[in-house]
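Written out below as structure tokens is the structure these notes cover.
Numbering (my numbering), first residue to last: -15 to 589.
Here is the structure:
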């Protein structure tokens, strides 16, 4: 029986040890433990913390890269990063016929201004009201740093008091005979206080005043009083330490850094919208030139068909031809208004004064669209987006901020144990001799001392325990938020990269379609010339030519749109990688103008 009891006790101890070991192992591998260990090991260094946290995502990025490389296209049966059929390339040096007109003046009746994306960026950085809104945010957040430093300023204080008492007494010892106690006194107290980052509070103050009463025991009469006090309060547990007391300042600095990342993100988004608006204007100008040319060509074809109305052109064909001419002229009219709207959108985004003119204005698009594939690898795009995206930087800095709050909550788990120490000297003299009273506090007697401890601890400590648990949960939540942010950033980068490749191939395919339609038009023109040379009917061929010209214009529009989409997707990829600001060499500098209000200048180098 005794042996069984011993064995059972040993088994119980073994089970408890195994349970503790398992709990400790699970704790070490928890998300909370990983992120707090990373912050502790980085020692508040952002780059080191980012490096440690990014180890969490290396396997994901590697698998994404491998999946992209090993994907086999449904159409070609080859590894083509998951995108469509091979479409060749656009011939080197190819220039669409409308490009020269688009890059020149279309409307000679109004003033013109030349634009390109770089110049629009420069103008927006100096004039855009929206960018000015963005640039004020870091300055607003920066004021929190000075505000957090405020409690550690030297503080001057002063207090004056005048007392006039006339009270009944029930004790002869207070007055020595009179039935009412009368007292007049004046007192002035002034000094300086200072709180230090260790939590220490120091106060040095001077008291000076006078007092007189009707008590027969009051001696000397007409007293002048003076006193000098030095008081020190030092927390020993709760609220003790530089790290605890400096945390509000560090939190404000991190918040300011987060605002800087937010500024970069907002500026990139705004510049992306400007690039979209520019290519939108380029497209609308291209469509205006294309549709105007189509309307003119179909009008000429109609005139030739009308000349042969009694020869070989049926009335139904003429009616359809007139309908086509009207629809093409309407399309050209609509294209002009679309161009004006595109100009207005650029003006609203850039806010530059030279983009508005009382006589009207034509914005000439000088920057040509690229028609070659940009050399950006998928692997490089993913790695760069992780390293450069401001959203990721914001999420990491929020973890830093949450860890500082956790440290403060852990300090607040301790009880209040404060050391109090005071020393003072006092002086006294009669006949209201204030100077003598002040000198006597140092010349007569010695200093007095008071010291003590103050202890306080709430039973259960529920408030501090709840705050600490909340901070621990917030850190775990922010790590998961970082996971979500990284996943979204990688998703945006993958989609943007694929869109770039897809849009390039779409542009090449659109070129092939346009080329085939142009060959059809040329063949029909040659057919008309042949029939005309041989004096044979060609009215039906004229209508076919009109129809083919419409299809050619449609394919030219498709090519122009694909140019726009491809060139915009390049800027969108730069934004997804977090390098749109860096690529355009944009810098943010804080300056203090003469008005007294600081500003952040956002400008290209």
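Every residue gets a Cβ at the ideal spot worked out from N, C-alpha and C, and that includes glycine.
> For residue 591, is the classification buried or exposed, using 16 other Cβ atoms within 10 angstroms of its Cβ as the cut-off for buried?
Replying inline: Not covered by the structure: residue 591. The range shown for the chain is -15 to 589.
> According to DSSP, is residue 357 helix, strand or coil?
Replying inline: What you label residue 357 is simply residue 373 of the chain shown in a count that begins at 1. The answer is coil: DSSP assigns residue 357 none of H, G, I, E or B.
>> Here's the rule: buried if 16 or more other CB atoms are within 10 angstroms of the residue's CB, otherwise exposed. What is residue 80?
In response: Sequence index remark: in the chain shown, residue 80 carries index 96 (1-based). Residue 80 should be labelled buried.
> If residue 129 and residue 254 are in contact, beta carbons under 8 Å, what's the gap, nearest whole angstrom?
Replying inline: Stepping through the chain shown from its first residue, residue 129 is reached at position 145. Stepping through the chain shown from its first residue, residue 254 is reached at position 270. Not a contact, Cβ separation roughly 26 Å.
>> Our contact map puts residue 272 next to residue 236 with C-beta atoms below 8 Å; I'd like the distance itself, whole angstroms only.
In response: Here the question's residue 272 lines up with position 288 in the chain shown. Here the question's residue 236 lines up with position 252 in the chain shown. Contact flag wrong, Cβ pair sits at about 53 Å.
> Do you know whose CA, among 471, 462, 468 and 397, lies nearest residue 450's CA?
Replying inline: If you number the chain shown from 1, residue 450 lands on position 466. When 471, 462, 468 and 397 are compared, the shortest CA-CA separation from residue 450 is found for 397.
> Is it right to say residue 312 is buried, meaning 16 or more other beta carbons lie within 10 angstroms of its own, or is it exposed?
Replying inline: Taking the first residue of the chain shown as 1, we reach residue 312 at position 328. Burial call: buried.
> Taking all protein chains shown into account, do 16 or more other C-beta atoms lie within 10 angstroms of the C-beta of residue 293, making it buried, or fewer, making it exposed?
Replying inline: Working through the chain shown from its first residue, we reach residue 293 at position 309. Answer is exposed; the Cβ neighbour count stays below 16.
> Quick one: Cα of residue 493 to Cα of residue 479, how far?
Replying inline: Stepping through the chain shown from its first residue, residue 493 is reached at position 509. Stepping through the chain shown from its first residue, residue 479 is reached at position 495. Going from the Cα of residue 493 to the Cα of residue 479 covers about 20 Å.
> Since residue 167 contacts residue 147 with CB under 8 Å, what's their CB separation in whole angstroms?
Replying inline: Within the chain shown, numbered from 1, the residue matching residue 167 stands at position 183. Within the chain shown, numbered from 1, the residue matching residue 147 stands at position 163. Yes, residue 167 and residue 147 are in contact; Cβ-Cβ is about 7 Å, under 8 Å.
>> For residue 375 and residue 468, I'd like the C-alpha separation in whole angstroms.
In response: In the chain shown, residue 375 corresponds to position 391, counting from 1. In the chain shown, residue 468 corresponds to position 484, counting from 1. Spanning the two alpha carbons is a distance of roughly 11 Å.
>> What would DSSP say about residue 259, mapped onto helix, strand or coil?
In response: In the chain shown, the residue the question calls residue 259 occupies position 275. It is helical.
> Going by the CB atoms, is the gap between residue 563 and residue 572 shorter than 7 Å?
Replying inline: The residue you call residue 572 lines up with position 588 of the chain shown. The residue you call residue 563 lines up with position 579 of the chain shown. No, they are not a contact pair.
> Residues in its own chain within less than 7 Å of residue 426 by CB, not counting five upstream and five downstream?
Replying inline: Here residue 426 corresponds to residue number 442 of the chain shown, with the count starting at 1. Same-chain partners within the cutoff: 409.
> Can residue 136 and residue 151 be called in contact, C-beta distance under 7 Å?
Replying inline: Looking up residue 136 in the chain shown gives position 152. Looking up residue 151 in the chain shown gives position 167. In this structure, residue 151 does not lie closer than 7 Å to residue 136 by Cβ.
>> What does the Cβ neighbour count give for residue 56, buried or exposed, with the cut at 16 atoms within 10 Å?
In response: Indexing the chain shown from 1 puts residue 56 at position 72. Residue 56 should be labelled exposed.
> Where residue 88 and residue 349 are concerned, what is the direct C-alpha to C-alpha distance, given to the nearest angstrom?
Replying inline: Taking the first residue of the chain shown as 1, we reach residue 88 at position 104. Taking the first residue of the chain shown as 1, we reach residue 349 at position 365. Each residue's alpha carbon lies about 8 Å from the other.
> With DSSP run on the structure shown, which of helix, strand or coil describes residue 74?
Replying inline: Translated into positions along the chain shown, residue 74 becomes position 90. Residue 74 falls in the coil class under three-state DSSP.
>> What does the alpha-carbon distance come out to for the pair residue 277 and residue 105?
In response: For this step, residue 277 is matched to residue 293 along the chain shown. For this step, residue 105 is matched to residue 121 along the chain shown. If you take the alpha carbons of residue 277 and residue 105, they lie about 32 Å apart.
> From the DSSP output, which residues share a beta bridge with residue 96?
Replying inline: Along the chain shown, read from residue 1 onward, the residue named residue 96 stands at position 112. In the DSSP output, where bridge partners are listed per residue, residue 96 has 346.
> Roughly how many whole angstroms lie between the Cα atoms of residue 464 and residue 456?
Replying inline: One-based indexing of the chain shown puts residue 464 at position 480. One-based indexing of the chain shown puts residue 456 at position 472. If I take the Cα positions, the gap works out to 13 Å.
>> I need the straight-line Cα distance from residue 178 to residue 568, nearest angstrom please.
In response: On the chain shown, residue 178 is found 194 positions in, with the first residue counted as 1. On the chain shown, residue 568 is found 584 positions in, with the first residue counted as 1. Between residue 178 and residue 568, the C-alpha separation is close to 48 Å.
> Taking the C-alpha atoms as reference points, what is the distance between residue 261 and residue 574?
Replying inline: For this step, residue 261 is matched to residue 277 along the chain shown. For this step, residue 574 is matched to residue 590 along the chain shown. The straight-line gap from Cα to Cα measures roughly 29 Å.
> Between residue 587 and residue 367, what straight-line distance do the alpha-carbon atoms span, to the nearest angstrom?
Replying inline: As a first step, residue 587 must be located in the chain shown, where it is residue number 603. As a first step, residue 367 must be located in the chain shown, where it is residue number 383. The straight-line gap from Cα to Cα measures roughly 27 Å.
>> Just list the residues that DSSP pairs residue 498 with in beta bridges.
In response: For the purposes of this step, residue 498 is identified with residue 514 of the chain shown, where counting begins at 1. The partner list for residue 498 (beta bridge, DSSP) is empty, contrary to what the question assumes.
> DSSP on residue 169, reduced to helix/strand/coil?
Replying inline: Taking the chain shown and counting its residues from 1, the one referred to as residue 169 is at position 185. Strand at residue 169.
>> Using a Cβ-Cβ cutoff of less than 7 Å, which residues in the same chain neighbour residue 436 once the five nearest sequence positions on both sides are dropped?
In response: Position 452 of the chain shown, counting from 1, holds the residue named residue 436. Result list for residue 436: 404, in chain order.
> residue 399: buried (16+ other C-beta within 10 angstroms of its C-beta) or exposed?
Replying inline: Taking the chain shown and counting its residues from 1, the one referred to as residue 399 is at position 415. Here residue 399 is exposed, its C-beta having fewer than 16 other C-beta atoms within 10 Å.
> With distances taken from CA atoms, which of 268, 387, 228 and 336 is nearest residue 116?
Replying inline: Numbered from its first residue, the chain shown carries residue 116 at position 132. Nearest C-alpha to residue 116: 336.
> Taking the alpha helix (DSSP H) that residue 90 falls in, what are its first and last residues?
Replying inline: Position 106 of the chain shown holds residue 90. That residue, residue 90, is in no alpha helix (DSSP H); it is neither H nor E in DSSP.
>> Which residue wins for smallest C-alpha separation from residue 597, given the options 204, 196, 363 and 188?
In response: Outside the modelled stretch of the chain, which goes from -15 to 589, sits residue 597, for which no answer is possible.
>> Using the Cβ count rule (16 or more neighbours within 10 Å means buried), how would you classify residue 487?
In response: Stepping through the chain shown from its first residue, residue 487 is reached at position 503. Counting every other CB atom within 10 Å of its CB across the protein chains shown gives residue 487 a total of 16 or more, marking it as buried.
> If we count the other Cβ atoms within 10 Å of its Cβ and call it buried at 16 or more, is residue 94 buried or exposed?
Replying inline: Against the chain shown, residue 94 aligns to sequence position 110. Exposed: under 16 other Cβ atoms inside 10 Å.
> Who are the Cβ neighbours of residue 477 in its own chain at under 7 Å, not counting the five residues just before and after it?
Replying inline: Counting from 1 along the chain shown, the entry for residue 477 is found at position 493. Excluding positions up to five away in sequence, the list reads 365, 366, 369, 560 and 561.
> In three-state DSSP terms, what is residue 27?
Replying inline: For the purposes of this step, residue 27 is taken as the residue at position 43 of the chain shown. Here residue 27 sits in coil by DSSP.
> Would residue 419 pass as a contact of residue 204 if the rule is Cβ separation under 7 Å?
Replying inline: Reading the chain shown from its first residue, position 435 is the one you call residue 419. Reading the chain shown from its first residue, position 220 is the one you call residue 204. Not closer than 7 Å, so no.
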